[in-house]
Amino acid sequence: MSNFEIVTREDFSDVTYLIEIFHPLMAKAAKPGQFVIVMLDEQGERIPLTIADFDREKGTITLVIQAVGKTTRQMQEACKVGTSLYALVGPMGVPSTISHAKKVVCVGGGLGVAPVYPQARAFKESGAYVIGVVGFRNKGLVFWEDKFRACCDEFIICTDDGSVGIKGLVTAGITQAIEKHPDIDEVVAIGPMIMMKGCADTTRPYKIKTMVSLNPLMVDGTGMCGGCRVKIGDQVKFACVDGPDFDGHKVDFFDLMTRLRRYTKEERMALEHWEKGCRLQKAIDKKTASAIKKTTAHK
Amino acid sequence: MAKKKTIRTIPQDRTPMLEQDPAIRSKNFEEVACGYHPDDALRESERCLMCPDQPCVAGCPVNINIPGFIQKIGEKDIRGAYDILTQTSLLPAICGRVCPQENQCEGVCTVGESLEAVAIGRLERFVGDTAIREGWVNIPYIEKNNFKVGIVGSGPAGMACAADMAKAGCDVTVFEAFHQAGGVLKYGIPDFRLPNAVIDAEINNLIKLGVKFECNTLVGRLFTIEQMVSEMGFDTVFVGVGAGYPTMLGIPGDSLNGVLSANELLTRCNLMRARDFPNFDTPQPMGKRVAVVGAGNTAMDAMRVSIRLGAEKVYCIYRRSRKEAPARAEELHHAEQEGIEFHWLTNPVSVLNDGEGNVRGMRCVRMELGEPDESGRRRPIPVAGSEFDFEVDLIVYAIGTNANPIMGQTSGMRLNKWGYIDTDGTLATSLAGVFAGGDIVTGAATVIEAMGAGRKAAASMKAYLGIRDSKLPYDHDGEKLFGINLGERNYARVKIA
Ligand SMILES: Cc1cc2nc3c(=O)[nH]c(=O)nc-3n(C[C@H](O)[C@H](O)[C@H](O)COP(=O)(O)OP(=O)(O)OC[C@H]3O[C@@H](n4cnc5c(N)ncnc54)[C@H](O)[C@@H]3O)c2cc1C
Ligand SMILES: Cc1cc2nc3c(=O)[nH]c(=O)nc-3n(C[C@H](O)[C@H](O)[C@H](O)COP(=O)(O)OP(=O)(O)OC[C@H]3O[C@@H](n4cnc5c(N)ncnc54)[C@H](O)[C@@H]3O)c2cc1C
Ligand code: SF4
Ligand code: SF4
Ligand code: FES
Numbered sequence: 119m120s121n122f123e124i125v126t127r128e129d130f131s132d133v134t135y136l137i138e139i140f141h142p143l144m145a146k147a148a149k150p151g152q153f154v155i156v157m158l159d160e161q162g163e164r165i166p167l168t169i170a171d172f173d174r175e176k177g178t179i180t181l182v183i184q185a186v187g188k189t190t191r192q193m194q195e196a197c198k199v200g201t202s203l204y205a206l207v208g209p210m211g212v213p214s215t216i217s218h219a220k221k222v223v224c225v226g227g228g229l230g231v232a233p234v235y236p237q238a239r240a241f242k243e244s245g246a247y248v249i250g251v252v253g254f255r256n257k258g259l260v261f262w263e264d265k266f267r268a269c270c271d272e273f274i275i276c277t278d279d280g281s282v283g284i285k286g287l288v289t290a291g292i293t294q295a296i297e298k299h300p301d302i303d304e305v306v307a308i309g310p311m312i313m314m315k316g317c318a319d320t321t322r323p324y325k326i327k328t329m330v331s332l333n334p335l336m337v338d339g340t341g342m343c344g345g346c347r348v349k350i351g352d353q354v355k356f357a358c359v360d361g362p363d364f365d366g367h368k369v370d371f372f373d374l375m376t377r378l379r380r381y382t383k384e385e386r387m388a389l390e391h392w393e394k395g396c397r398l399q400k401a402i403d404k405k406t407a408s409a410i411k412k413t414t415a416h417k
Numbered sequence: 010m011a012k013k014k015t016i017r018t019i020p021q022d023r024t025p026m027l028e029q030d031p032a033i034r035s036k037n038f039e040e041v042a043c044g045y046h047p048d049d050a051l052r053e054s055e056r057c058l059m060c061p062d063q064p065c066v067a068g069c070p071v072n073i074n075i076p077g078f079i080q081k082i083g084e085k086d087i088r089g090a091y092d093i094l095t096q097t098s099l100l101p102a103i104c105g106r107v108c109p110q111e112n113q114c115e116g117v118c119t120v121g122e123s124l125e126a127v128a129i130g131r132l133e134r135f136v137g138d139t140a141i142r143e144g145w146v147n148i149p150y151i152e153k154n155n156f157k158v159g160i161v162g163s164g165p166a167g168m169a170c171a172a173d174m175a176k177a178g179c180d181v182t183v184f185e186a187f188h189q190a191g192g193v194l195k196y197g198i199p200d201f202r203l204p205n206a207v208i209d210a211e212i213n214n215l216i217k218l219g220v221k222f223e224c225n226t227l228v229g230r231l232f233t234i235e236q237m238v239s240e241m242g243f244d245t246v247f248v249g250v251g252a253g254y255p256t257m258l259g260i261p262g263d264s265l266n267g268v269l270s271a272n273e274l275l276t277r278c279n280l281m282r283a284r285d286f287p288n289f290d291t292p293q294p295m296g297k298r299v300a301v302v303g304a305g306n307t308a309m310d311a312m313r314v315s316i317r318l319g320a321e322k323v324y325c326i327y328r329r330s331r332k333e334a335p336a337r338a339e340e341l342h343h344a345e346q347e348g349i350e351f352h353w354l355t356n357p358v359s360v361l362n363d364g365e366g367n368v369r370g371m372r373c374v375r376m377e378l379g380e381p382d383e384s385g386r387r388r389p390i391p392v393a394g395s396e397f398d399f400e401v402d403l404i405v406y407a408i409g410t411n412a413n414p415i416m417g418q419t420s421g422m423r424l425n426k427w428g429y430i431d432t433d434g435t436l437a438t439s440l441a442g443v444f445a446g447g448d449i450v451t452g453a454a455t456v457i458e459a460m461g462a463g464r465k466a467a468a469s470m471k472a473y474l475g476i477r478d479s480k481l482p483y484d485h486d487g488e489k490l491f492g493i494n495l496g497e498r499n500y501a502r503v504k505i506a
């Protein structure tokens, strides 16, 4: 297979970073909407991350990650070019259906810009008119603007503080697009749960099909544990094998947001435990460093 | 010549196996049952009557030569016993531990008619453990034949199939989605019942046979079964991906925080080592009071793991009575010893919300047994007006699994109406060259049945490739092909590379 070597590392901000991993088979198999599960080291947690890009020629896949807790922060420190992940499995999930929609809006909120990008590109390649709507808190957090713009016929950028583009949330951008184009067939929205809920609420009155990509907690990613179950209408689905894309108008977001809080206490514990370890390690490093300095100074 | 044993001359009571004290073991993950000492094994072997009609052999799903290996133990020839066992079972240390013996070999043992049955499982485990300790492996001389075999899933079915195909000289690769091999043996069955060291020893034996393991490989999504056959050069493929997809009860409150499947609890605890949190990153917060719904092996494991993770009170909720509980007798007994509180004839009707999306309790109803249903067991019926509440903060469902959908989503293999892979009597699927077995064909079953299926499929795969084990005597008496007596020569087919 591959030893999951990291070949590129890029930092978009102090919390968002990109890693590109060499895995030719996966690059060949990956389709828009799919994700991988990663383990940084043997003691690590299995965390799901969307495949934000894949390059079949180079044989690589790209992940864009936001450092929110223990694992993602540890990866931010550890994942340098030339290092390897302990485990990487995928592509998982049902690929997004790139429908025959003629006019689509692809919405990415914050980090969600990365996972929605392959879909926007695929829609473009299949001949659709693509309107990109991306939202960030401020100008400093914007990333992949050129890359995204390149596969869009129209591009709307929104920021919370108005430092660039429309001042407001992505929902404002969607409304603007819908008002200008009454013939939009589909909206694809990826980002924080609350944003996807907002998008679904925005398009509901217009009855425009709206697909969202759900990110519940996962363990195996193969349909074996049921940890990723979500409520879609009156049915229970497993996001890892039945999704992660679902009809946004049917998703029970409230239920999902409650479930995401399940491990808050333990997540904090893990982070504190790790940070303590780091501080300790740093202290030790300092000590040994100064000890080494002393001995070398003696000589 | 040994004198003929009779039911009256053999040791009357079954040789006990040393066990950790329940009060101590319910706080650790060390193995509960400590295994036989050689003297214990010797004594127990004397209890076998060497029945000429061997009912026990018929009771074992893979027909192990039980009196044969027990006789070798009696002769203190443990290596000989191991050789007999491994003619049939590839994983004696595992099956000796986890087989539901009381329904299989031991359930029909002649001795069991008047005394307690011969402890066949314990003896098998003794031999298996001795082999691991001594590093015995039966590695036959293997002549490579250049056939390439792909195995999907590294559970007992996949492992058994891999072993047989490797012994036949094929180049075997096992693909596993998880980062570690072993299937349910690794992620489901806890260490205190089946230590990881035992599983790893068996996996190492396979590696010694030349089997390659490729973990982190989700077949179907990374590449399909069809691609394995058409592009990747596999001459034949075995699919043993297990059942998975846990069932939820479908009652109000199912999705509250604190309701999870036994598979999730066990995977977090066993494979991901949540019990060592935060040294390992995966958490499994434990409730003070835990209700586990179901009474099979999975339920017993979930309850006993919960106790070990520090739950104060663990309830078992089962809608039928103890008699119908599908768990192995030994596990049920161990769970009782460890202080699990059993509520038979009780069925959940809803999960109660604490107002913030967490579990506060479970409402149940009492059941009574009515007429027998299709399964032959008496159907439980709710008693009107008997609702009552349990105060619990963690609820674990261990009520069975459905077929994993990935194979169906990604391949044209024919499935049956329940979503399991459809096979014929030889375990061939609807795709040429592709065979399947284990839980993904039968639905949740047992380790030994999965292993048996892996071996059966291996036999069919060899036939499909046109190779046969040149060591085995051809047993079709006097059968002739083109005038050649097949019994006289060993035929083997080699793929010209
Ligand atoms: C299908 C899928 C695709 C995903 N794609 C990406 C991606 O491309 N890039 C990326 O940065 N993240 C992605 N995520 C989320 C990512 O898996 C989590 O951020 C990660 O598991 C957090 O781990 P941690 O140990 O760093 O933080 P933790 O300590 O586990 O959590 C810290 C905070 O993050 C929240 N959190 C934890 N898990 C998730 C989750 N699964 N979804 C949302 N919030 C979570 C917690 O509620 C908590 O507030 C995806 C999740 C799924 C299910
Ligand atoms: C908690 C628990 C306790 C049990 N206790 C007992 C017991 O005491 N005695 C007993 O006899 N039986 C017991 N069983 C049942 C027994 O474990 C199973 O019947 C047996 O393991 C089935 O074997 P298998 O090889 O078919 O599948 P599994 O053991 O399920 O292995 C399948 C493997 O395939 C992998 N896989 C799945 N999909 C893919 C894919 N697409 N690509 C690659 N790999 C994939 C899985 O990750 C898994 O490792 C228990 C089961 C459970 C869950
Ligand atoms: S494999 Fe299981 S059923 Fe067969 S003899 Fe061994 S313990 Fe008994
Ligand atoms: S039935 Fe019991 S006593 Fe008879 S051969 Fe088998 S194990 Fe021995
Ligand atoms: S992550 Fe376990 S079933 Fe989806």
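Top line first, the protein sequences correspond to chains A and B.
Going by the numbering used here, the first sequence runs without a break in its numbering and finishes at 417.
Going by the numbering used here, the second sequence runs without a break in its numbering and finishes at 506.
For every residue, glycine included, the Cβ atom is placed at its ideal position computed from N, Cα and C.
Distance CB(residue i)-CB(residue j) smaller than 8 Å
i      : j      : result
A:V199 : A:I296 : no
B:I415 : A:T289 : no
B:I93  : B:N72  : no
B:A467 : B:C170 : yes
B:R56  : B:I19  : yes
A:I274 : A:V251 : yes
A:A232 : A:W262 : yes
B:E185 : B:G162 : yes
B:P70  : B:E340 : no
B:A102 : B:V207 : yes
B:R298 : B:V401 : yes
Per DSSP, the bridge partner or partners of residue i
i      : result
A:G253 : A:G227 and A:C276
B:L403 : B:V299
B:V183 : B:I160 and B:F222
A:P210 : Checking the displayed sequence, the identity of residue 210 of chain A turns out to be Met instead of Pro. Paired residue(s): A:F153.
B:H352 : B:I326
A:Y135 : A:D129 and A:I183
Cβ-based burial, residue i [other Cβ within 10 Å; buried from 16]
i      : result
A:L203 : buried
B:Y2   : Given a span of 10 to 506 for chain B in the structure shown, any question on residue 2 of chain B remains unanswerable.
B:D433 : exposed
B:A344 : buried
B:P381 : exposed
A:K394 : exposed
A:C346 : buried
B:Q189 : buried
B:D48  : exposed
B:C104 : buried
B:E383 : exposed
B:H342 : exposed
A:H141 : buried
A:K383 : exposed
B:C508 : This structure gives no information on residue 508 of chain B, because the portion of chain B shown stretches from 10 to 506.
B:D310 : buried
A:I312 : exposed
B:T435 : exposed
Per-residue contacts from residue i into chain B (C-beta, under 7 Å)
i      : result
A:K349 : S264
A:M314 : By Cβ distance, chain B contributes nothing, its closest Cβ being about 18 Å from A:M314, past 7 Å.
A:L206 : N225
9 Å Cβ cut-off: residues of chain A touching residue i
i      : result
B:N205 : The contacting residues do not exist; B:N205 stays about 13 Å from chain A at best.
Proximal chain A residues relative to residue i, where beta-carbon distance stays under 7 Å
i      : result
B:I415 : T340, G341 and V359
Closer than 9 Å at the beta carbon, the chain B residues around residue i
i      : result
A:P209 : L227, R230 and L231
What are the uninterrupted segments assigned as alpha helix (DSSP H) that are 4 or more residues long and contained completely in the stretch 374 to 427 of chain B, given in chain order?
Segments of the alpha helix (DSSP H) lying fully in the stretch 374 to 427 of chain B: 415 to 419.
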